[in-house]
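Visitor: Numbering-wise, my numbering puts 314 at position 309 of the sequence shown, and it's gapless, one number per residue.
Just so you know, even glycine gets a beta-carbon here, dropped at the ideal spot from N, CA and C.
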Amino acid sequence: MRSKLQRLALLAAVVLGLAACGGQGTSTGNNAAAGPPQRGGEVTVLEASSFAGGWPSGLDPATNTTGGANISQLNAIFGGLFLLEADDDGSNARIVPNQAEGYEFLDDGKTLKITIRDGIKFSDGTPFDADAVAFNFKRDSDATCTCAPQWRLAPDGITTEGPRTVVLHFTQPNAAIVNNFPISNVNWIVSPTALQKMGPDQFKLAPVGAGPFKVVSDQLSSQLVLERNPAYFKPGLPYLDKLTFSSVGGDQPAYQTMLAGQAQAYEGMGTVPLIEQAKGNDRLTVTIQPPTSPYVIQLNTKTAPFDNELAREAIYYATDFDAIAKGLFKGEYPVSQMFTGPGGLFHHPTVPGYRTFNLDKAKQIVQQLGGLTVQLGTLSGFVAQQVMTALQTQWQAAGINVRIDSYQLSTLVQQFNGPWQAMLQTAGAWDPAAGVGVAFRFASTSPFTGVSDPHLDDLLNQAAAIVDPAQRDTIYQEAAKYISDKAYAPFGLAFATANLAVNGVYGPGLTTRIPSLAVNSGVWWDKVWRSSR
Numbered sequence: 006m007r008s009k010l011q012r013l014a015l016l017a018a019v020v021l022g023l024a025a026c027g028g029q030g031t032s033t034g035n036n037a038a039a040g041p042p043q044r045g046g047e048v049t050v051l052e053a054s055s056f057a058g059g060w061p062s063g064l065d066p067a068t069n070t071t072g073g074a075n076i077s078q079l080n081a082i083f084g085g086l087f088l089l090e091a092d093d094d095g096s097n098a099r100i101v102p103n104q105a106e107g108y109e110f111l112d113d114g115k116t117l118k119i120t121i122r123d124g125i126k127f128s129d130g131t132p133f134d135a136d137a138v139a140f141n142f143k144r145d146s147d148a149t150c151t152c153a154p155q156w157r158l159a160p161d162g163i164t165t166e167g168p169r170t171v172v173l174h175f176t177q178p179n180a181a182i183v184n185n186f187p188i189s190n191v192n193w194i195v196s197p198t199a200l201q202k203m204g205p206d207q208f209k210l211a212p213v214g215a216g217p218f219k220v221v222s223d224q225l226s227s228q229l230v231l232e233r234n235p236a237y238f239k240p241g242l243p244y245l246d247k248l249t250f251s252s253v254g255g256d257q258p259a260y261q262t263m264l265a266g267q268a269q270a271y272e273g274m275g276t277v278p279l280i281e282q283a284k285g286n287d288r289l290t291v292t293i294q295p296p297t298s299p300y301v302i303q304l305n306t307k308t309a310p311f312d313n314e315l316a317r318e319a320i321y322y323a324t325d326f327d328a329i330a331k332g333l334f335k336g337e338y339p340v341s342q343m344f345t346g347p348g349g350l351f352h353h354p355t356v357p358g359y360r361t362f363n364l365d366k367a368k369q370i371v372q373q374l375g376g377l378t379v380q381l382g383t384l385s386g387f388v389a390q391q392v393m394t395a396l397q398t399q400w401q402a403a404g405i406n407v408r409i410d411s412y413q414l415s416t417l418v419q420q421f422n423g424p425w426q427a428m429l430q431t432a433g434a435w436d437p438a439a440g441v442g443v444a445f446r447f448a449s450t451s452p453f454t455g456v457s458d459p460h461l462d463d464l465l466n467q468a469a470a471i472v473d474p475a476q477r478d479t480i481y482q483e484a485a486k487y488i489s490d491k492a493y494a495p496f497g498l499a500f501a502t503a504n505l506a507v508n509g510v511y512g513p514g515l516t517t518r519i520p521s522l523a524v525n526s527g528v529w530w531d532k533v534w535r536s537s538r
């Protein structure tokens, strides 16, 4: 359990306050696809070194430590049992089987049967069957990957039925499990034969999967070069001959590299002035994904001053996210009062009884407390710094003394092992029970929480277990109101990052809209193509 909690903490650090704002699902540019997709060509994709551009431990799903950030690379190599897709405008998002053919819940959600498509082979020619998938499930369940599943398995938790069916047995219903696959390492199936032959140290540098591309070379956290997998199970795909992921220092150098013609795509732009510049460039298409993760001011209720509910109320009343949204971001980014964004499931923009900005009340509470001093931190990042500075100004107007700190990823996790007070971070996922969803921020068992509340734990566990969406929605609304009533953490701007592509490059999740999984969307790289014009 301890190792799993440490993994969760690291993923929190990866996602916390990164990349930062995107609009409400917009796309601009002159990049309408001309004619049917064409086969051939190559694309270089830039990834920010602070997030998706870092894979220091390699790309074996069981030993990768930044899996939530490396969805694009992992999808390109391994494909995925399930994927998140949406209509081109980002609506009607749903999980669809990919290497899986289908699935079935039994025993009121305590059993899940997954059927594998017939005839899939790994790029080394070995069979992609139920035994291979079960091997991966067992290996990944206790892996070091930050996105290892948090399954509560029965003693016979992972079994097979014939060559194409894998069965998962849980100790309690797990309705959200399928929605969790696209962001979990169990989605990316490695070749057991190649792993055994190469050994884990070599395999992590040149992993073998059944995805659309094969590894040509891998310079850790620098450049990953891939080529078409001729054994890919989808006829005619992938379209591209070659796909390269290159790490870049951030939004500004990425933008300049694209303008110089040295790359054709960039994932995860969060610098708002650059997004506006890119929108005005007729050589680029800017696609801002539907937001799923609002900012949250996480308050540590386990230590002073926020073990006092009055101090937490003061933060609510002193915080005006609507003003920040309008003043810094031209009103483009919606403000949420709960742990989901409008691009995700079970979203409601308002919560009954939510404490909204009231400067007079904030001042009164601060005076009643005899003063209030707060240390607020986050990861370094353009948008996070802007929001932090705005919050500092707002809180000081209420008489709150504020110290703001920014941390590099390597030191952030350590902060949560100590007496931290408040952190500006992101909260939410497409499904609140998946990935870095609400339990990741608020469950007592999470290492990245300032809350220890059995009633809230019970609500979140109930919601994750119920199969019926309407019932889940009701419980999530109850949980959102409970968080609000207890003043556990005020929520703010809901955002997703922007993807840039040069004219003539197209693909789902790159130039169409798919809700964010973990900051970035899950691009379908097998369907990305480049026009020869």
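Regarding glycine 40 and the ligand GTP, is the C-beta to nearest heavy atom distance less than 7 Å?
Guide: No copy of the ligand GTP occurs in the structure displayed, which carries no ligand at all.
Visitor: Less than 8 Å between the C-beta atoms of alanine 211 and aspartate 145, yes or no?
Guide: Locating residue 211 in the sequence shown gives position 206, counting from the first residue. Locating residue 145 in the sequence shown gives position 140, counting from the first residue. No, these two residues do not count as a Cβ contact at 8 Å.
Visitor: With a threshold of 8 Å on Cβ separation, who are the neighbours of asparagine 80 within its own chain once the five nearest residues in sequence on each side are excluded?
Guide: In the sequence shown, counting from the first residue as 1, residue 80 sits at position 75. The residues are Leu88, Trp193, Gly216, Gly527, Val528, Trp529, Trp530.
Visitor: Within 10 angstroms of its Cβ, does arginine 408 collect 16 or more other Cβ (buried), or is it exposed?
Guide: Counting from one through the sequence shown, the residue named residue 408 turns up at place 403. So arginine 408 ends up on the exposed side.
Visitor: Please classify valine 472: is it buried, with 16 or more other beta-carbons within 10 angstroms of its beta-carbon, or exposed?
Guide: Numbered from its first residue, the sequence shown carries residue 472 at position 467. Counting Cβ neighbours within 10 Å, valine 472 comes out exposed, since fewer than 16 surround it.
Visitor: Between proline 497 and proline 299, how many whole angstroms is the CB-CB distance? I'm expecting something under 8 Å.
Guide: Locating residue 497 in the sequence shown gives position 492, where the first residue counts as 1. Locating residue 299 in the sequence shown gives position 294, where the first residue counts as 1. The displayed chain sequence assigns glycine, not proline, to residue 497. Right, their Cβ atoms sit about 6 Å apart.
Visitor: In angstroms, rounded to a whole number, what distance separates the CA positions of tryptophan 156 and alanine 434?
Guide: Along the sequence shown, read from residue 1 onward, the residue named residue 156 stands at position 151. Along the sequence shown, read from residue 1 onward, the residue named residue 434 stands at position 429. Distance between the alpha carbons of tryptophan 156 and alanine 434: 18 Å.
Visitor: Looking at the structure shown, is isoleucine 125 part of a helix, part of a strand, or coil, going by DSSP?
Guide: Position 120 of the sequence shown holds residue 125. Isoleucine 125: coil per DSSP, three-state reduction.
Visitor: Is the beta carbon of asparagine 504 closer than 8 Å to that of glutamate 272?
Guide: Position 267 of the sequence shown, counted from the start, is the residue given in the question as residue 272. Position 499 of the sequence shown, counted from the start, is the residue given in the question as residue 504. Yes. Within cutoff.
Visitor: For glycine 332, which three-state DSSP category applies?
Guide: Residue numbering aside, residue 332 sits at position 327 when the sequence shown is read from its first letter. Note: glycine 332 maps to helix in three-state DSSP.
Visitor: Who does valine 253 pair with in a DSSP beta bridge?
Guide: Here residue 253 refers to the residue found at position 248 of the sequence shown. Partner(s): Ala53.
Visitor: Taking the continuous alpha helix (DSSP H) assigned at tyrosine 487, which residues delimit it?
Guide: Start at 1 with the first residue of the sequence shown, and residue 487 comes out as number 482. 474-490 is the extent of the alpha helix (DSSP H) around tyrosine 487.
Visitor: Count the other CB atoms within 10 Å of the CB of glutamine 401; is the residue buried (16 or more) or exposed (fewer)?
Guide: Start at 1 with the first residue of the sequence shown, and residue 401 comes out as number 396. Exposed.
Visitor: Look up glutamate 109 in the DSSP assignment and give the residues it is bridged to.
Guide: The residue labelled residue 109 in the question sits at position 104 within the sequence shown. According to DSSP, glutamate 109 bridges with Lys118.
Visitor: In the DSSP assignment, find the unbroken beta strand (DSSP E) run with valine 220 in it and report its ends.
Guide: In the sequence shown, residue 220 corresponds to position 215, counting from 1. First-last of the beta strand (DSSP E) with valine 220: 218-224.
Visitor: For aspartate 147, which three-state DSSP category applies?
Guide: As a working note, residue 147 is residue 142 in the sequence shown. Coil at aspartate 147, not helix or strand.
Visitor: In angstroms with no decimal places, state the Cα-to-Cα distance between threonine 70 and serine 62.
Guide: Within the sequence shown, the letter at position 65 stands for residue 70. Within the sequence shown, the letter at position 57 stands for residue 62. Near 6 Å, if we compare the C-alpha coordinates of serine 62 and threonine 70.
Visitor: Cutting at 7 Å between CB atoms, please list the residues of its own chain near glycine 442, excluding the five before and the five after it.
Guide: Start at 1 with the first residue of the sequence shown, and residue 442 comes out as number 437. When the five nearest sequence neighbours on each side are left out, the beta carbons in the same chain lying within less than 7 Å of the beta carbon of glycine 442 are those of Gly433, Ala434, Asp436, in order along the chain.
Visitor: Quick check on aspartate 325: buried or exposed, where buried means 16 or more other Cβ atoms within 10 Å of its Cβ?
Guide: Locating residue 325 in the sequence shown gives position 320, counting from the first residue. The residue is buried, with at least 16 neighbouring Cβ atoms inside 10 Å.
Visitor: In the DSSP assignment, what are the bridge partners of valine 48?
Guide: Your numbering for residue 48 matches position 43 in the sequence shown. Looking at the DSSP assignment, valine 48 forms a beta bridge with Leu248.
Visitor: If you reduce the DSSP assignment to three classes, tell me which class serine 411 lands in.
Guide: Locating residue 411 in the sequence shown gives position 406, where the first residue counts as 1. DSSP places serine 411 in the strand class (E or B) of the three-state scheme.
Visitor: What separation, rounded to the nearest whole angstrom, lies between the Cα atoms of lysine 532 and threonine 517?
Guide: The residue you call residue 532 lines up with position 527 of the sequence shown. The residue you call residue 517 lines up with position 512 of the sequence shown. So the two alpha carbons sit approximately 12 Å from each other.
Visitor: Just to confirm the assignment, what range does the beta strand (DSSP E) spanning leucine 88 have?
Guide: Here residue 88 refers to the residue found at position 83 when the sequence shown is read from its first residue. Residues 87-90.
Visitor: What do you reckon, are the CB atoms on proline 296 and proline 339 nearer than 8 Å?
Guide: As a working note, residue 296 is residue 291 in the sequence shown. As a working note, residue 339 is residue 334 in the sequence shown. Contact: yes.
Visitor: Roughly how many angstroms lie between the CA atoms of leucine 86 and asparagine 75, to the nearest whole one?
Guide: Here residue 86 is taken as the residue at index 81 of the sequence shown, counted from 1. Here residue 75 is taken as the residue at index 70 of the sequence shown, counted from 1. Our two residues, leucine 86 and asparagine 75, have alpha carbons roughly 16 Å apart in a direct line.
Visitor: If we ignore side chains and look at the alpha-carbon of each, how far apart do alanine 389 and tyrosine 108 end up?
Guide: Taking the first residue of the sequence shown as position 1, residue 389 is located at position 384. Taking the first residue of the sequence shown as position 1, residue 108 is located at position 103. Those two C-alpha atoms are separated by around 40 Å.
Visitor: Under the three-state reduction of DSSP, which class applies to glutamine 228: helix, strand or coil?
Guide: Here residue 228 refers to the residue found at position 223 of the sequence shown. Glutamine 228 falls in the strand class under three-state DSSP.
Visitor: Where does the unbroken alpha helix (DSSP H) through alanine 316 begin, and where does it stop?
Guide: Numbered from 1 along the sequence shown, position 311 holds the residue referred to as residue 316. Unbroken alpha helix (DSSP H) run through alanine 316: 314-323.
Visitor: Output the distance between the C-alpha atoms of glutamine 269 and glycine 84, rounded to the nearest integer angstrom.
Guide: Here the question's residue 269 lines up with position 264 in the sequence shown. Here the question's residue 84 lines up with position 79 in the sequence shown. Roughly 21 Å between the two C-alpha positions.
Visitor: The alpha helix (DSSP H) with methionine 203 in it runs from where to where?
Guide: As a working mapping, residue 203 is identified with position 198 in the sequence shown. Run containing methionine 203: 197-203, per the alpha helix (DSSP H) assignment.
Visitor: Can you name the start and end residues of the alpha helix (DSSP H) that threonine 398 belongs to?
Guide: Along the sequence shown, one-based indexing puts residue 398 at 393. It spans 387-402 - the alpha helix (DSSP H) in which threonine 398 sits, taken as one unbroken run.
Visitor: From isoleucine 519 to leucine 374, what does the alpha carbon distance come to, in whole angstroms?
Guide: Taking the first residue of the sequence shown as position 1, residue 519 is located at position 514. Taking the first residue of the sequence shown as position 1, residue 374 is located at position 369. So the two alpha carbons sit approximately 46 Å from each other.
Visitor: Starting from the Cα of threonine 120, find the closest Cα among Asp365, Gly349, Pro168 and give me that residue.
Guide: In the sequence shown, counting from the first residue as 1, residue 120 sits at position 115. Comparing Cα-Cα distances from threonine 120 to each of Asp365, Gly349, Pro168, the minimum goes to Pro168.
Visitor: What is the rounded straight-line gap between the Cα of tyrosine 481 and the Cα of proline 474?
Guide: Position 476 of the sequence shown holds residue 481. Position 469 of the sequence shown holds residue 474. Going from the Cα of tyrosine 481 to the Cα of proline 474 covers about 10 Å.
Visitor: Can you name the residues that DSSP bridges to glycine 382?
Guide: Taking the first residue of the sequence shown as 1, we reach residue 382 at position 377. Per DSSP, the beta bridge partners of glycine 382 are Asp410, Met428.
Visitor: Straight-line CA distance for glycine 255 to asparagine 363?
Guide: What you label residue 255 is simply residue 250 of the sequence shown in a count that begins at 1. What you label residue 363 is simply residue 358 of the sequence shown in a count that begins at 1. It is roughly 37 Å from the alpha-carbon of glycine 255 to the alpha-carbon of asparagine 363.
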